[in-house]
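Here is the structure we will look at.
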Amino acid sequence: MALAIATVVDAISGLTVTGLTIKDMDQIPGAAEMRSATLLPLPDFLTNYEFERNSVGGGSIAKMTVYYQLNYRLLYKPAGAGRAIEYFDNMVSMVGLIMDAVMAIDTMSGTVDITPVSVTNMGLVNDPADNPFYGCDIAFRIMEFVN
Numbered sequence: 558m559a560l561a562i563a564t565v566v567d568a569i570s571g572l573t574v575t576g577l578t579i580k581d582m583d584q585i586p587g588a589a590e591m592r593s594a595t596l597l598p599l600p601d602f603l604t605n606y607e608f609e610r611n612s613v614g615g616g617s618i619a620k621m622t623v624y625y626q627l628n629y630r631l632l633y634k635p636a637g638a639g640r641a642i643e644y645f646d647n648m649v650s651m652v653g654l655i656m657d658a659v660m661a662i663d664t665m666s667g668t669v670d671i672t673p674v675s676v677t678n679m680g681l682v683n684d685p686a687d688n689p690f691y692g693c694d695i696a697f698r699i700m701e702f703v704n
């Protein structure tokens, strides 16, 4: 069984959303650089694994459907750069653009489906160095067929 997690993450990091930089798993900065908004994997990046057996047999011949969740953080603007209300409309619009771009991905070999599942913590969030930003957390549910 070989999950395509790296392929999925590469596809997400390769998306183009105007005004947004998307980081891959190996590109997480110590502190966010704010030339543009940034979407980066959270420390609890891979969660909610589920395995569903679709056939009988040993591990190498059994067919399965595997579900898992990828968790990202959007760092939209540094806190203190203005009032949150000034950025809220554009930040929500950017979340919509991210969702549209992710749902349009059709280049992931081995992955059957990627679905946005939640947007949480809309407001103040921290970058990896605990600097406060206006942003939110976004989760995507992945479904793969394996073997």
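One rule links them: number in my numbering = place in the sequence shown (from 1) + 557.
Beta carbons are placed, not taken as given, at the ideal position from N, Cα and C, and that holds for glycine.
Fair warning: this is a prediction, and the values are worked out from it, not measured in the lab.
Determine the burial state of Phe-702: buried for a count of at least 16 other Cβ atoms within 10 Å of its Cβ, exposed for fewer.
In the sequence shown, the residue the question calls residue 702 occupies position 145. Phe-702 comes out exposed.
Please name the residue, chosen from Ala-619, Ala-568, Asn-628, Ser-650, that lies closest to Leu-597 on a Cα-to-Cα basis.
Here residue 597 corresponds to residue number 40 of the sequence shown, with the count starting at 1. Just measuring C-alpha positions, the residue of Ala-619, Ala-568, Asn-628, Ser-650 sitting nearest Leu-597 is Asn-628.
What are the boundary residues of the alpha helix (DSSP H) that includes Thr-595?
Locating residue 595 in the sequence shown gives position 38, counting from the first residue. Judged by DSSP secondary structure, Thr-595 falls outside any alpha helix (DSSP H) and instead within the beta strand (DSSP E) spanning 594-610.
Check whether the Cβ atoms of Phe-697 and Val-659 lie closer than 9 Å to each other.
Here residue 697 is taken as the residue at index 140 of the sequence shown, counted from 1. Here residue 659 is taken as the residue at index 102 of the sequence shown, counted from 1. In this structure, Phe-697 sits near Val-659, with a CB-CB distance shorter than 9 Å.
Closest to Gly-680 by C-alpha separation, out of Val-674, Tyr-624, Gly-637, would be which residue?
What you label residue 680 is simply residue 123 of the sequence shown in a count that begins at 1. From the listed residues Val-674, Tyr-624, Gly-637, the smallest Cα separation to Gly-680 is found for Gly-637.
For Met-700 and Asp-663, which I take to be in contact (beta-carbon distance under 8 Å), what is that distance rounded to the nearest angstrom?
As a position in the sequence shown, residue 700 is number 143, starting the count at 1. As a position in the sequence shown, residue 663 is number 106, starting the count at 1. Distance from Met-700 to Asp-663 at the Cβ level is roughly 14 Å; contact not present, criterion being Cβ atoms closer than 8 Å.
Cα-Cα separation between Ala-619 and Asn-611, rounded to whole angstroms
Here residue 619 corresponds to residue number 62 of the sequence shown, with the count starting at 1. Here residue 611 corresponds to residue number 54 of the sequence shown, with the count starting at 1. Taking C-alpha positions only, Ala-619 is separated from Asn-611 by approximately 7 Å.
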